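Asks: Have a look at this one.
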């Protein structure tokens, strides 16, 4: 495909496209071309037909915040930054030098900070920080005064930030978090910073980036595009659940799930490519051996007869 003259001309051109429609058959080369052209892609999904995307279905309608938290947010003159590293990682487990770096950077910000902090206290805590062992994350992110989310980039928290259009500073720790942080940065929803690269200056620079009004406006636009779908994620989940219940005799399983073991392990291919040639060679050698053996055991007709 990529050797085609028309494709090469398109590849080298500087033309711009609003969307690229890709027909995929046995190759994903066209996706590389679509990426080169820098346009959204409409193509065949690699996700099986029985898997329905319901990302964001867990995001509930925001509830009123506790009075103390509500007052802290609404009295902030320069907005609020929300910090949470999820339920699997205790913020207090961050190395002390890196933790002090974060505190030094936060102390330089005019914004107030809400931090999910599991320990009893935080030595050296700046005055602009509100600490709590538990926080209603979705309700906080939904508040218009919340300007940024400093996160480990867990999938659910990331989805909630995208849902509410809150820019993310991603500091991944393990698992899928690095992938999520990379996707956030590439899509323009936020920026990424690694723990080992953390300094006061580069963290302040990341905050400066996501707090920029133009950056935040673009994130709001991306969030709006994410919401722009025929039905919501929850409605989609309900619809397809009821669809499966109505047509319970339908087979929603992919045919690949019923592939026999010998095909799944490619034993049939192994047999054809390796066993059959070896078997053919063995039979041929056995036949040659038998022929040679017969010739050797045959009486010599030229030998002299005893008189």
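Numbering (the numbering used here), first residue to last: 237 to 543. All C-beta atoms in this analysis are idealised placements derived from N, C-alpha and C, irrespective of residue type, glycine included. Predicted model, so just to flag it, every value in this text is computed and none were measured.
1) Which residue spans inside the segment 409-478 form an unbroken beta strand (DSSP E) run of at least 3?
2) Please confirm whether residue 473 and residue 349 have their CB atoms less than 8 Å apart.
3) Compare the C-alpha of residue 383 against each of 435, 368, 444 and name the closest.
4) Who are the near neighbours of residue 322 in its chain, counting only those whose CB is closer than 7 Å to its CB and skipping five residues on each side?
5) State buried or exposed for residue 395, treating a residue as buried only when at least 16 other CB atoms are found within 10 Å of its CB.
6) Buried or exposed for residue 407, going by 16 or more other Cβ atoms inside 10 Å?
7) I'd like the list of long-range same chain contacts for residue 470, defined as Cβ closer than 7 Å, with 5 residues on each side in sequence excluded.
8) Short of 8 Å in beta carbon distance, which residues of its chain neighbour residue 458, apart from the five on each side in sequence? Order them along the chain.
9) Run through DSSP, which three-state label would residue 524 get?
10) Can you have a look at residue 320 and say buried or exposed, based on whether 16 or more other CB atoms are within 10 angstroms of its CB?
11) Does DSSP classify residue 352 as helix, strand or coil?
12) Among the residues of its own chain, which have a CB less than 6 Å from the CB of residue 285, if the five just before and after it don't count?
13) Could you tell me the distance, in whole angstroms, from the CA atom of residue 405 to the CA atom of residue 442?
14) Please determine if the segment 330-343 and the segment 366-377 are in contact, where contact requires at least 3 C-beta pairs separated by less than 8 Å.
15) Buried or exposed: residue 373, going by 16 or more other Cβ atoms within 10 Å of its Cβ?
16) Pick helix, strand or coil for residue 386, following the three-state DSSP scheme.
Replies: So, to answer that:
1) 426-428
2) As a first step, residue 473 is located in the chain shown; it is residue number 237 there, counting from the start. As a first step, residue 349 is located in the chain shown; it is residue number 113 there, counting from the start. No; because the gap between Cβ atoms is not below 8 Å, this pair is not in contact.
3) Position 147 of the chain shown, counted from the start, is the residue given in the question as residue 383. For the residues 435, 368, 444, the minimum Cα distance to residue 383 belongs to 444.
4) Looking up residue 322 in the chain shown gives position 86. Contacts found: 388, 390, 393.
5) Taking the first residue of the chain shown as 1, we reach residue 395 at position 159. Buried is the call here.
6) One-based indexing of the chain shown puts residue 407 at position 171. Label assigned to residue 407: buried.
7) Position 234 of the chain shown, counted from the first residue, corresponds to residue 470. So the list reads 293, once near-sequence residues are dropped.
8) Position 222 of the chain shown, counted from the first residue, corresponds to residue 458. If we look at residue 458 and ignore the five residues flanking it on each side, its Cβ neighbours are 398, 401, 423, 424, 425.
9) Translated into the one-based positions of the chain shown, residue 524 becomes position 288. Helix.
10) Against the chain shown, residue 320 aligns to sequence position 84. Buried, by the Cβ-count rule.
11) Residue 352 sits at position 116 when you count from the first residue of the chain shown. Strand at residue 352.
12) For the purposes of this step, residue 285 is taken as residue 49 along the chain shown, with counting starting at 1. Correct list: empty, nothing qualifies.
13) Here residue 405 is taken as the residue at index 169 of the chain shown, counted from 1. Here residue 442 is taken as the residue at index 206 of the chain shown, counted from 1. Whole-angstrom Cα-Cα distance: 7 Å.
14) no
15) In the chain shown, counting from the first residue as 1, residue 373 sits at position 137. Buried, since its Cβ has 16 or more Cβ neighbours within 10 Å.
16) Here residue 386 corresponds to residue number 150 of the chain shown, with the count starting at 1. Here residue 386 sits in strand by DSSP.
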